[in-house]
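What follows is a short report on a single structure.
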Amino acid sequence: VCGGDFFIRRFRSDGSFLWKLLTPKTADSRRSSKTEGPILLPYRKSEFRSTDESTAEVSILKVQEAALHMIADIAQDKRSASALEGILKKVSGLVVGIACGGPDALQDAAVRALSSLSCIDPDLIWVLLADIVYSSGKGVPSPPTSDFPEVSQLLPFPSSPKEYLCMQYCGEDSSFDIQLLKAENVFEKLNSETFQAM
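If you count the sequence shown from 1, you need to add 89 to reach our numbering.
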């Protein structure tokens with residue numbers, strides 16, 4: 090495994106391309122992106138265009154899954170985790186968005202990435218998920234420790250999904266369709282496996 094300096098340099102040079110790969114697009118932005126051309130990494134000289142939409146969709150899911158695995162691996166390794174420090178909120182917001190509103194095919198990879206990101210900042214991941222679960226009105230999630238304030242003291246009640254903290258961290262280009270049931274399942278899984286253990 091390479092050290093953190095390598096990953097820090099890569100995130101600085103290629104980070105914007107990673108966000109484009111992880112951020113879902115609305116139908117309108119998909120149409121406009123077809124006219125803009127494909128994403129081309131700076132060190133690539135050629136581009137790949139698929140004429141079959143279903144093949145392109147599967148390819149995008151595989152790339153997104155690989156990116157989530159990469160984030161999990163980087164976050165778990167203490168030597169490379171420092172590469173995520175400057176972009177932790179954006180990465181965490183994107184991964185929470187994928188876990189709670191992305192395709193089912195990416196669910197396991199997103200939960201694994203969130204668990205790994207919890208190694209860097211468990212409070213941030215807890216707050217991002219608790220914010221969504223809190224909006225369901227079914228009950229306020231208990232804080233991971235007694236020192237942590239209640240969710241209602243930390244965040245205002247969101248009036249729309251765009252006000253979720255994870256959506257604000259993702260940026261305006263993101264269009265995750267957050268599903269409360271998915272968010273509750275992810276929160277319960279991480280709460281029992283990750284947050285309570287810390």
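Just so it is clear, CB atoms sit at the ideal spot from N, CA and C, and this is done for glycine as well.
All values reported here derive from a predicted model rather than from experimental measurement.
Per-residue DSSP class, three states only, for residue 197 | helix
State the DSSP-derived secondary structure class of residue 284, mapped to helix, strand or coil.
-> helix
Residue 148 versus residue 281 - alpha carbon distance | 33 Å
Taking the alpha helix (DSSP H) that residue 277 falls in, what are its first and last residues?
-> 269-279
Is there contact between the stretch 176-186 and the stretch 204-216, where contact requires at least three CB pairs shorter than 8 Å?
-> yes
Return the Cβ separation of residue 269 and residue 221 in integer angstroms, given the expectation that the two are a contact with Cβ distance under 8 Å.
-> 7 Å
Any idea if residue 153 is buried or exposed, counting beta-carbon neighbours within 10 angstroms, 16 or more meaning buried?
-> buried
State the Cα-Cα distance for the pair residue 188 and residue 200, rounded to the nearest angstrom.
-> 6 Å
Residues near residue 271 by beta carbon distance below 6 Å, same chain, minus five either side = 189
Hey, residue 164 and residue 206 are a contact pair by Cβ (cut 8 Å); roughly how many whole angstroms apart?
-> 5 Å
Closer than 6 Å by C-beta to residue 184: which residues in its own chain qualify, once you throw out the five before and the five after it? Chain order, please.
-> 199, 202, 203
Going by Cα to Cα distance, which pick from 219, 159, 182, 151 is closest to residue 284?
-> 219
Please report the Cβ distance between residue 150 and residue 110, rounded to the nearest whole angstrom; I am assuming they are in contact, meaning their Cβ atoms lie under 8 Å.
-> Incorrect: roughly 11 Å between the Cβ atoms, too far for contact.
I think residue 258 touches residue 240, with their Cβ atoms under 8 Å apart; what is that distance to the nearest whole Å?
-> Residue 258 to residue 240, Cβ: 17 Å. No contact.
In its own chain, which residues sit with a C-beta less than 7 Å from the C-beta of residue 243, not counting the 5 before and 5 after it?
-> 216
Where residue 267 and residue 191 are concerned, what is the direct C-alpha to C-alpha distance, given to the nearest angstrom?
-> 8 Å
Residue interval of the alpha helix (DSSP H) (run including residue 223) = 211-224
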